[in-house]
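Colleague: Next up is a structure, given as structure tokens.
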Amino acid sequence: MADQKYDFVVVANRLPVDRHRDADGNVTWRTSPGGLVTAMEPVMASHDGAWIGWTGAPDEELEPFDEAHMHLVPVPLSQQEINEYYEGFSNSTLWPLYHDAVEAPEFHREWWDAYVQVNQRFADRAAAVADKHATVWVQDYQLQLVPAMLREQRPDLRIGFFLHIPFPPVELFQQLPWRRQICEGLLGADLVGFQLNGGARNFVRTCRVRLGLKTHRDQINVEDRIVEARAYPISIDAQGFADLAGTEEVAARAIEIREDLGSPETLFVGIDRLDYTKGLRQRFQAFGELFSSGQLDPDSTHFLQVATPSRERVEQYMRLRDDIELLVGRTNGHIGRIGMPPISYLHASYPRTEMAALYRAADIMVVTPLRDGMNLVAKEFIACRDGNNGALVLSEFAGAAAELKQAYMVNPHDINGLKNVILRTMDDDAANRARRMKAMRKQVFEHDINHWADRFLSDLAPEED
Ligand code: G6P
């Protein structure tokens, strides 16, 4: 059967939905984890196009299908490709390298070969479904070779690329044995987008010093073309989250959550993928010490952490889970009383309504990554609040810190500093908190996901004659 053609095509490692099979063998589709999907879903709603990606399961050859009002085009991955391209090169080489090497990146030649092979498959699929002169928007670190592979086959297309995670300084990036190929892959795009100016600058500088290309500000000369590299800080469907959080169901659930936790005076909440970039060890260390020393009173204060399972077969993630469970168990064992552990730790993923209820239930949201491209949880929390109460403790090393300047900022490596900021935030007066929250809400509502997509896509659009 001939492929249906589309004028607008998003290419991402994952489809926005994951396939799940229950005990009776029934197949259901659930929203895929992570910020990329949260951000891109509403973009698809306003651009009728196709989304090319993997279903999250091995060896699935599926025909294109429609789900959640989107046209989805599956790309299959074998178990070996999942091991080498996804868990290997994407998540044990690039992910740690791009996040300041907070865990040591591993370099394996066979992982690289799998990365090339899978990128080629995504590029072939995009070339097959993109209409003449279509716009193709490639997403994230798993697919950095796709822009050049696609241009090779389809020079008629407008090709954009957006990196959802940080692009590291050349001093780190140059460790990568395939640094030239990755840059050349990205340079197949007309426009390469980054979360922050720093990432865009790092990329331009790498092209200049490592590839010897001529650059001028945000422009890179590639043979007869000019490639632009700029910052587009990603966001969320702020109004959509606000509407969801404003429903009676969510409001009632938020009250219930607080009651179930013993109606604490102050509820701290963290919600993260269980990832070593998120600073969870440091966060639990800080809360553990605060409860142990009595600076936080377990009778009136509670810390609830949701850690969404992620990349569970990758060794560093298994180790992290063990470490976290040890830290939580130690504090609860030491400080907790019957029916009153000071920390609730949930290793689970929840639907968006439950997340919205958690954002509403929280007094103080704790977002303390060691490194993060943006961190949409911080923005979701702000969008879900009922007015200007509540406070955000935010790491300086999250991309969101560049926009959410009124958050209570921390360096998560500094445990004493983190403890001080947690206490200071709790003790700050209501007027101060409200002033900060008001400014952050303005920022998030005025710079929502449509604003982001419109800016990127209008910069990508060909110049009118
Ligand atoms: C981050 C990445 C995304 C990724 C998501 C979930 O947000 O930028 O590309 O999809 O994490 O990770 P996973 O490995 O489960 O796709």
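So the mapping is simple: this note's numbering equals the position in the sequence shown, first residue as 1, plus 107.
Note that CB positions come from ideal geometry on N, CA and C, so glycine has one too.
Quick caveat, the model's predicted, so the values are computed rather than measured.
From the DSSP secondary-structure annotation, give me the bridge partner or partners of Glu-335.
Modeller: In the DSSP output, where bridge partners are listed per residue, Glu-335 has Leu-298 and Gln-326.
Colleague: If I measure Cβ to Cβ from Glu-217 and keep anything under 7 Å in the same chain, skipping five residues before and after, which residues do I get?
Modeller: Only Glu-191 meet the Cβ criterion.
Colleague: Check for me: the alpha helix (DSSP H) holding Ser-153 runs from which residue to which?
Modeller: Unbroken alpha helix (DSSP H) run through Ser-153: 142-153.
Colleague: Could I get the ranges of all uninterrupted beta strand (DSSP E) runs contained in the region 328-395, with 3 residues as the minimum, in chain order?
Modeller: Counting only runs of 3 or more, we get 332-338 and 373-380.
Colleague: Return the residue from the list Val-117, Pro-276, Thr-354 and Ala-241 that minimises the CA-CA distance to Val-641.
Modeller: Because residue 641 is not part of the residues shown, which for the chain are 108 to 572, the question remains open.
Colleague: Taking 7 Å as the cut-off, does the CB of Ile-272 come closer than this to any heavy atom belonging to ligand 1?
Modeller: Yes, since a heavy atom of ligand 1 falls inside the 7 Å radius drawn around the Cβ of Ile-272.
Colleague: In angstroms with no decimal places, state the Cα-to-Cα distance between Ala-463 and Leu-169.
Modeller: One C-alpha to the other measures close to 33 Å.
Colleague: Name the DSSP bridge partner or partners of Phe-480?
Modeller: According to the sequence displayed, residue 480 carries Gly and not Phe. Paired residues: none, contrary to the question.
Colleague: What I want to know is whether the C-beta of Leu-143 ends up closer than 7 Å to one or more non-hydrogen atoms of ligand 1.
Modeller: Indeed, a heavy atom of ligand 1 lies less than 7 Å from the Cβ.
Colleague: Heavy atom of ligand 1 less than 7 Å from the Cβ of Pro-140, yes or no?
Modeller: Result yes, Cβ under 7 Å from ligand 1.
Colleague: Have a look at Leu-294 and Asn-309 and give me their C-alpha separation to the nearest angstrom.
Modeller: Rounded to the nearest angstrom, the two C-alpha atoms are 14 Å apart.
Colleague: Find out if the Cβ-Cβ distance for the pair Pro-416, Pro-449 is shorter than 8 Å.
Modeller: Not closer than 8 Å, so no.
Colleague: With a cut-off of 8 Å on the beta carbons, I'd call Tyr-515 and Ala-498 a contact; round off their distance for me.
Modeller: Indeed, because the Cβ distance is near 6 Å, the residues count as touching under 8 Å.
Colleague: Check whether the Cβ atoms of Tyr-339 and Gly-300 lie closer than 8 Å to each other.
Modeller: Contact flag set, yes.
Colleague: Locate the alpha helix (DSSP H) running through Val-316, then write down its first and last residues.
Modeller: 304-318 is the span of the alpha helix (DSSP H), which, as asked, contains Val-316.
Colleague: Provide the residue(s) that pair with Ile-266 in DSSP beta bridges, ordered along the chain.
Modeller: Partner(s): Val-243.
Colleague: Would you say Phe-552 reaches chain B, if we count a Cβ-Cβ gap shorter than 8 Å as a contact?
Modeller: Reference to chain B is not applicable here, since this structure consists of a single protein chain.
Colleague: Relative to the C-alpha of Leu-184, which candidate in Gly-163, Thr-384 and Pro-171 has its C-alpha closest?
Modeller: Among Gly-163, Thr-384 and Pro-171, the Cα nearest to that of Leu-184 belongs to Gly-163.
Colleague: Near Asp-382, which residues of its chain fall below 6 Å by C-beta distance, leaving aside the five closest residues on each side in sequence?
Modeller: Once the five neighbours on either side are set aside, the close Cβ partners of Asp-382 are Ser-417.
Colleague: Nearest CA to the CA of Ile-189: which residue from Glu-174, Asn-304, His-206 and Ala-221?
Modeller: Closest by alpha carbon: Ala-221.
Colleague: Using 8 Å as the Cβ pair cut-off and three pairs as the minimum, do the region 460-474 and the region 499-508 touch?
Modeller: Judged by Cβ distances under 8 Å, the region 460-474 makes contact with the region 499-508, as three or more pairs qualify.
Colleague: How long is the line joining the alpha carbons of Gly-142 and Arg-380, rounded to whole angstroms?
Modeller: Answer to the nearest angstrom: the Cα atoms are 10 Å apart.
Colleague: Check this for me: beta carbons of Ala-273 and Tyr-205, under 8 Å apart or not?
Modeller: Sequence inspection shows Pro at residue 273; the Ala mentioned does not correspond to that position. Yes.
Colleague: Of the residues Ala-393, Asn-328, Ile-333 and Phe-488, which one's Cα is nearest the Cα of Leu-567?
Modeller: Closest option to Leu-567, Cα to Cα, is Ile-333.
Colleague: When you compare each of Ala-352, Ala-157 and Glu-419 to Pro-458 by their alpha carbons, which one comes out closest?
Modeller: The shortest C-alpha separation from Pro-458 is found at Ala-352.
Colleague: Roughly how far, in whole angstroms, is the beta-carbon of Pro-123 from the beta-carbon of Val-144, given that I think they are within contact range, below 8 Å?
Modeller: The pair is a contact, with the Cβ atoms about 5 Å apart (cut-off 8 Å).
Colleague: Take Ser-199 as the anchor and find which of Phe-398, Glu-419 and Asp-470 has the nearest alpha-carbon.
Modeller: Closest by alpha carbon: Glu-419.
Colleague: How is Tyr-424 classed by DSSP in three states: helix, strand or coil?
Modeller: Tyr-424: helix per DSSP, three-state reduction.
Colleague: Please report the residue range of the beta strand (DSSP E) in which Val-253 lies.
Modeller: Element bounds for Val-253: not the beta strand (DSSP E) but the alpha helix (DSSP H), 253-260.
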